[in-house]
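Report on the structure given below.
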Amino acid sequence: MQEGKFYCDRAFAGQMLLNFAPGYCAEISDSLPEKMSTRLAEESVTLWLAKIVDSVVTPYASGEHAWEMSVLRVRQSWWNKHKDEFEKLDGEPLRKWCAQQHQDKDFATVIVVTDFAACGYSANEGLIGMMGE
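Using the working numbering, you'd call the opening residue of the sequence shown number 9 and step up by one each time.
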C-alpha cells in the first residue's frame, strides 16, 4: 500500500516539474494543460482583456507579447457571480480571435474593456465588475 502511494506521488510530482533550460518562450503555455494545478486552491477562469479599435480586436496591453500581458485569472466562484456584468466578445469576432490565438472558443473568454470604469475594469483597481449592481 505505501509503495503504491509513493509511486503515485512521485509520478504526480514528475508532471509538475518545470524545465528552465529553454528560458522564456511565449508559445510555452500552448503545451500546458488549462487545468494544471500549481497549488491546492479554488478553480479559476482565464480571461483576456481586449479593446476594439477601428473594429479590430486588440489586446488591452501594448508592446511585445501583448496578448500574454492582457491575460488574468479569477476565481471560478467570483466569475460565476459577475460574468454577466461584462461585455464579452462573441460570435464571429470571438471565432476569429480564437483561431488567431489558438484557443478553444468553448473555453475562451475575452472581455471588451474601455477607458471608462463602467466597463467593469479599472487600470488602477483591476477587474471590479459593475459597482452597485
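Beta carbons are placed, not taken as given, at the ideal position from N, Cα and C, and that holds for glycine. A quick note: this is a predicted structure, and the numbers were derived from the prediction, not measured.
Euclidean distance between Cα positions of E141 and D92: In the sequence shown, the residue the question calls residue 141 occupies position 133. In the sequence shown, the residue the question calls residue 92 occupies position 84. Low per-residue confidence applies at E141: pLDDT is 47, beneath 50, and the placement is therefore not dependable, though the value from the model is reported in the following sentence. Taking the straight line joining both Cα atoms gives about 11 Å.
Contiguous beta strand (DSSP E) assignments of at least 3 residues, all confined to the segment 76 to 121: 79 to 83, 118 to 120
Residue range of the beta strand (DSSP E) that includes A125: On the sequence shown, position 117 is the one that residue 125 refers to. Element bounds for A125: n/a, residue is neither H nor E.
Beta-carbon proximity of L97 to V79, cut-off 7 Å: In the sequence shown, the residue the question calls residue 97 occupies position 89. In the sequence shown, the residue the question calls residue 79 occupies position 71. Taking 7 Å as the Cβ cut-off, L97 and V79 do not qualify as a contacting pair.
Beta-carbon proximity list for Y68, same chain, < 7 Å, skipping 5 on both sides: The residue given as residue 68 occupies position 60 in the sequence shown. Correct list, in chain order: L57, A58, K59, S78, V121.
Simplified DSSP state of A29, which is helix, strand or coil: Numbered from 1 along the sequence shown, position 21 holds the residue referred to as residue 29. In the structure shown, A29 sits in coil (DSSP, three-state: anything other than H, G, I, E or B).
Rounded C-alpha distance that separates A107 from P101: Numbered from its first residue, the sequence shown carries residue 107 at position 99. Numbered from its first residue, the sequence shown carries residue 101 at position 93. Answer to the nearest angstrom: the Cα atoms are 10 Å apart.
Range of the contiguous alpha helix (DSSP H) that encloses A21: Here residue 21 is taken as the residue at index 13 of the sequence shown, counted from 1. Taken as a continuous stretch (DSSP letters only), the alpha helix (DSSP H) holding A21 covers 10 to 23.
7 Å Cβ shell around E51 - same chain, five flanking residues per side excluded: Indexing the sequence shown from 1 puts residue 51 at position 43. Q84.
Buried versus exposed, by CB contacts within 10 Å (16 or more), F20: By one-based count along the sequence shown, residue 20 stands at place 12. Its Cβ having fewer than 16 others within 10 Å, F20 is exposed.
Segment limits, beta strand (DSSP E) that includes S52: Within the sequence shown, numbered from 1, the residue matching residue 52 stands at position 44. Segment 52 to 61, the beta strand (DSSP E) holding S52.
Residue burial classification, Y129 (beta-carbon count within 10 angstroms, cutoff 16): Walking along the sequence shown from the start, residue 129 turns up at place 121. Flag for Y129 reads buried.
Straight-line Cα distance separating W105 from H73: The count along the sequence shown starts at 1 and reaches residue 73 at position 65. The count along the sequence shown starts at 1 and reaches residue 105 at position 97. Spanning the two alpha carbons is a distance of roughly 15 Å.
Same chain, Cβ closer than 7 Å to Q109, five either side skipped, listed in chain order: For the purposes of this step, residue 109 is identified with residue 101 of the sequence shown, where counting begins at 1. Contacts found: W75.
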